[in-house]
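Here the structure is laid out as C-alpha cells; the discussion comes afterwards.
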Amino acid sequence: MEKFFALIGFFEILLVLFMQWEVYTKKIITTFSIASYTIAVFLFYLGIMENKYLVVILAVLTAGVRGFFIPWFMKKRIVRDPWREREIKPTISTALSILISLSVVIFAYVLYRITFYDSVHLSDGSIPIALILQGVFLMISRRNAFIQLIGYMMMENAIFLFEGYLFPALPFIVEAGVILDLIGIIAIAGIVVKMMKNSTTDSNEFDELKG
Amino acid sequence: MGYIYSLPMIFTAIGAVLCLSRSMYFEEFVSVISALATVVVTGTVVFLPDFSNGFLYIDGLSKIMLIMISAIYTSTVIFSTTYMKYIENPLFEKNFYYFLMNLFAFTMFFTVSVNNFGLMWVGVEATTVTSALLVATENNESSMEATWRYIIIVSSGLIISLLSNVFIYSATHTLSLSMLMSMKVTNAGKILTLGSMMAIVGYGTKAGIFPMHTWLPDVHGKAPAPVSAIFSGVLLPVALYVMARILQIVPVESVRIFSFALGFLTVLIAAVLMVAQGHYKRLFAYSTMENMGMALIGLSLGKYAFIGAIILLISHAFAKSSAFFLTGNVLAKYKSHKMTDVKGISKRMPFTAYTLMFSSMAVTGTPPFGTFIGEFMIIYGMLLNFPLFYTLTLVGFLALAFIAVNFKIGKMIFSESDGEMMERKRVGRIVPMVNTSLAFLVVFLIPQIQEILSKGMIR
Chain E
8 MEKFFALIGF FEILLVLFMQ WEVYTKKIIT TFSIASYTIA VFLFYLGIME NKYLVVILAV
68 LTAGVRGFFI PWFMKKRIVR DPWREREIKP TISTALSILI SLSVVIFAYV LYRITFYDSV
128 HLSDGSIPIA LILQGVFLMI SRRNAFIQLI GYMMMENAIF LFEGYLFPAL PFIVEAGVIL
188 DLIGIIAIAG IVVKMMKNST TDSNEFDELK G
Chain A
202 MGYIYSLPMI FTAIGAVLCL SRSMYFEEFV SVISALATVV VTGTVVFLPD FSNGFLYIDG
262 LSKIMLIMIS AIYTSTVIFS TTYMKYIENP LFEKNFYYFL MNLFAFTMFF TVSVNNFGLM
322 WVGVEATTVT SALLVATENN ESSMEATWRY IIIVSSGLII SLLSNVFIYS ATHTLSLSML
382 MSMKVTNAGK ILTLGSMMAI VGYGTKAGIF PMHTWLPDVH GKAPAPVSAI FSGVLLPVAL
442 YVMARILQIV PVESVRIFSF ALGFLTVLIA AVLMVAQGHY KRLFAYSTME NMGMALIGLS
502 LGKYAFIGAI ILLISHAFAK SSAFFLTGNV LAKYKSHKMT DVKGISKRMP FTAYTLMFSS
562 MAVTGTPPFG TFIGEFMIIY GMLLNFPLFY TLTLVGFLAL AFIAVNFKIG KMIFSESDGE
622 MMERKRVGRI VPMVNTSLAF LVVFLIPQIQ EILSKGMIR
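Same order as they appear, the protein sequences are chains E and A. So the first sequence is numbered by the working numbering: it starts at 8 and just counts up by one. So the second sequence is numbered by the working numbering: it starts at 202 and just counts up by one.
Have a look at this one:
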C-alpha cells in the first residue's frame, strides 16, 4: 500500500507542477479534476483492500464532488465569461514559477525529514507537505480568482490524501462535512466572482482596504 | 432532556427556511421571533446541568457562548429591521439577507454545541460559507474584494486547523471533545503539541489573531453595520471558543506560551495600526483584534485570567456590537467612512453620539464596564506568570489603543458642525443603548459567570 501511496503522491506532484506552469484556466481546472479522480481511485482501492465501506463512500464522494461537480461548475462559469479563460498577468513569471515550485518540493522534503519524520514513520510523508505548499504557492502567485480557489482545493486534496492513507478510521461524518463545506465555499465563491465583475465601480473605495 | 440544547439550532434553521417566503415583512417577523426564542432557551440552559452525548457537548463554557450568540444575534436582527433601507443597491432581496443571517447564527450555535473537533471545524468553515455573502451586501467593488479576501484567507487559514485535526487524531485516536476532556493530557507528544499549535494558528485566522488577521479590517470595514456587529461580537469569539477547547485538552506549557505570544503580538500590532486609521469602521475592527488578542492571552494563562477572558468577551460582544450599530447610524446619515468627513455628531445626532462615546470607552476597557474587569483579571494573571516588563509593555500598548480610539471618536463627536439634526429614530437608537448598558451590567453577573464556568450551571 505504501508503494501505491508514493505512486499516487508522485503523480499528484506532477499534476500540481503542471498547474504552476500553465496559464490557461480551463486546463488548470481539468488538471485539478484529474488530480481529484486520482485521489478518489486511491481511496477506493484503500477502502476495498482494508474492507472499510465508509472509505469507499468517501472515494465516490470525492470523485463526484471534487472530480466532477466543482470542475464542471467552474468551467460553466468560464464559458459564460471568456475573459477569465487565460491568466493575463501572473504575479510571478512562468520561468520563476518553475524554479520556485521545484524548490518547494525540495523544501517540503527537508522540512519533513527535520520535523515530522521521527513521529510519522512514512517514507514518502513529504508528499502531502509538498502538495500543501504547492497549493499555497498557486494561491499567492495568481490573480485569477478561480486559480486561487484551485490552490485552496489542492491544499484540501493533500490533506485528504494524507489522512485517507494514515487514518482511514477518521470519523466519516467529519469527512462528509468537509466535502459539504467545500461545495458551499465554491458556490459562494462562484457568486462573488460573478458579482465582482457586475458590481458598481468606485475606485476611491479601494483606499479603504489599505492599512 | 438533551433536545433543549439543540433548540437554538432548530429555531434558527426553521427561521432560515421560513425566510425564503417572500411575504412583506414576514422575514423580519420570523427572524425576530426565532432570535428571541433562542434567547429564552439559552437563558434557560444555564439552570440545567451539563450535558453530553455522541453529538452534543454542553458545559459552562458552551452555555456562555450560547447566551452570547443568541443575545447578539437578536440585537443584530432587530437593528437590521430598520437599517436595511439605508443600503442603496443591495446585492439581494431582504428575505435572503435574513435567510443568511439565520443560517449564520445556526452555524455558530452548531460550532459551540458539538462534541467533535472535526465537526467544530466544519461549523467554523460553515460560518464562512453562510456569512461571505452578507459581507458583500452593499454590492460595490470594494465590498466584493473584501468578501473575496475573506473567503480565501480564512479558508486557507482553516486548512491549517483541518490538518491539526489529523494530528490530534493521530496522537489520541479520537476527535470527541468529551473523551479528550477526560484524558487530561499533561505530557503531550511532539505530534499533539504541533497539532495544537497549528489549531491555534488556524482558528486564530478566523479570530483575527496575528499573523493571519489581514482579512478582518477589510471585512469589518466594508460589511453593513449589523454584519460587522455580529462578526465582531460573536463570530470571532466562536473561533476563540475552539482555541479555548484546544488549550483545555492540551494544557502543556509550550502550547500555552505559543498562544500567549500570538495574543501579545496581536495586541501590539492592533494598537499600533489603530493610531494610523482614518476610517472609523476600520478603527473599530482593529479594536476588535486588540480585544481578541487580550482574550487569547487570558485563555492561555488559565485560572483567573481565563475567567477574565470570558468576562472580556461577553462585555466586548455587547459594547462592540453597539459601536458597530452606531457606526451604521453615522454612515447612514453622513454617507462617508472617513473620519475627516464626519463632524459634530453630538449636535446632529446626540443619542448616537453619546452612546458611541460610551461604547468606545467600553471597548477600550474603561471602568466601570465589564471589559475593564476582564482586562484587569488578565493583566493580574500575567503579573503572576511573567516578569513585570511584559505586563508593562502590554499595558502601554493598551493605553495607546485607548487613546487612539477615544481621541479619534471624540473628535468626530465633539467637533463643530453647522448641519441640521438628523438623528435616527427608535430602533436605531434603542438597540445600541441597550447593548452598551449590557456591557456595563455584565459586571454584576460576574459571580454567576464564575459559577457557570466552574460548576456548569447556576444553582
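For every residue, glycine included, the Cβ atom is placed at its ideal position computed from N, Cα and C.
Under the three-state DSSP convention, the category residue i falls into
| i | result |
| --- | --- |
| N296 (chain A) | helix |
| H480 (chain A) | strand |
| S377 (chain A) | strand |
| K391 (chain A) | helix |
| F248 (chain A) | coil |
| K539 (chain A) | strand |
| Y555 (chain A) | helix |
| P569 (chain A) | coil |
| S357 (chain A) | helix |
| G158 (chain E) | helix |
| S560 (chain A) | helix |
| P184 (chain A) | One cannot answer for residue 184 (chain A) here, as it falls past the ends of chain A, which runs 202 to 660. |
| N58 (chain E) | coil |
| Y505 (chain A) | helix |
| E624 (chain A) | coil |
| G16 (chain E) | helix |
| K185 (chain A) | What the structure shows of chain A is the stretch from 202 to 660, and residue 185 (chain A) is not part of that stretch, so it cannot be assessed. |
| S100 (chain E) | coil |
| N530 (chain A) | helix |
| N303 (chain A) | helix |
| G132 (chain E) | coil |
| V451 (chain A) | coil |
| K385 (chain A) | coil |
| K544 (chain A) | coil |
| A408 (chain A) | coil |
| N492 (chain A) | helix |
| S108 (chain E) | helix |
| R457 (chain A) | helix |
| D125 (chain E) | coil |
| I219 (chain E) | Lying before the first or after the last residue shown, residue 219 (chain E) is absent from chain E, which here runs from 8 to 218. |
Cβ neighbour criterion (16 or more within 10 Å) applied to residue i
| i | result |
| --- | --- |
| F608 (chain A) | exposed |
| Y284 (chain A) | buried |
| H374 (chain A) | exposed |
| A194 (chain E) | exposed |
| T98 (chain E) | exposed |
| R457 (chain A) | buried |
| W698 (chain A) | This structure gives no information on residue 698 (chain A), because the portion of chain A shown stretches from 202 to 660. |
| E57 (chain E) | exposed |
| L267 (chain A) | buried |
| N164 (chain E) | buried |
| K286 (chain A) | exposed |
| L585 (chain A) | exposed |
| G203 (chain A) | exposed |
Beta-bridge partners of residue i, as assigned by DSSP
| i | result |
| --- | --- |
| F49 (chain E) | Per DSSP, none; premise fails for F49 (chain E). |
| L257 (chain A) | A:V315 |
Residue i CB to nearest heavy atom of the ligand HEM below 6 Å
| i | result |
| --- | --- |
| A165 (chain E) | Only the bare structure without any ligand can be found here, which leaves the ligand HEM out of the picture. |
> Listed in chain order, which residues of the stretch 336–359 of chain A have Cβ atoms closer than 7 Å to some Cβ of chain E?
Replying inline: A337, N340, N341, E342, S343, M345, E346, A347, T348, W349, I352, I353, S356, S357
> Which residues, in chain order, does the stretch 307–329 of chain A contribute to contact with chain D at a C-beta distance below 9 Å?
Replying inline: Judged by its chain identifiers, the structure shown contains no chain D, and its protein chains are E and A.
> What are the complete beta strand (DSSP E) segments, minimum 3 residues, inside the stretch 596–648 of chain A?
Replying inline: Segments of the beta strand (DSSP E) lying fully in the stretch 596–648 of chain A: there are none.
> If you measure beta-carbon to beta-carbon, which residues of the stretch 500–513 of chain A are closer than 8 Å to chain E?
Replying inline: Residues passing the 8 Å Cβ filter: none.
> What residues in the stretch 9–35 of chain E bring their beta carbon closer than 9 Å to a beta carbon of chain A?
Replying inline: none
> Which of the residues in the stretch 149–176 of chain E, read from start to end, lie with their CB under 7 Å from any CB of chain A?
Replying inline: Within the stretch 149–176 of chain E, the residues whose Cβ lies closer than 7 Å to some Cβ of chain A are A152, Q155, Y159, M162, E163, I166, F169, E170, L173, F174, listed in chain order.
> Taking Cβ-Cβ distances below 8 Å as the criterion, which residues of the stretch 64–87 of chain E are in contact with chain A?
Replying inline: none
> For the stretch 356–381 of chain A, which residues have a CB atom closer than 7 Å to at least one CB atom of chain E, in sequence order?
Replying inline: S356, S357, I360, L363, L364, V367, Y370, S371, L376
> Can you list, in chain order, the residues of the stretch 183–205 of chain E whose Cβ is nearer than 7 Å to any Cβ on chain A?
Replying inline: G184, V185, D188, G191, I192, I195, A196, I198, V199, M202, M203
> What residues in the stretch 466–500 of chain A bring their beta carbon closer than 9 Å to a beta carbon of chain E?
Replying inline: L474, A477, Q478, G479, H480, K482, R483
> For the stretch 384–397 of chain A, which residues have a beta carbon sitting closer than 9 Å to at least one beta carbon of chain E?
Replying inline: G390, K391, I392, L395
> Along the stretch 284–299 of chain A, what residues have a CB closer than 7 Å to any CB found in chain E?
Replying inline: N290, L292
>> Any C-beta of chain A within less than 9 Å: which residues of the stretch 112–125 of chain E qualify?
In response: Residues of the stretch 112–125 of chain E with a C-beta less than 9 Å from any C-beta of chain A: T122, F123, D125, listed in chain order.
>> Along the stretch 236–265 of chain A, where does the CB come closer than 7 Å to a CB of chain E? Name the residues.
In response: Within the stretch 236–265 of chain A, no residue places its CB atom closer than 7 Å to a CB of chain E.
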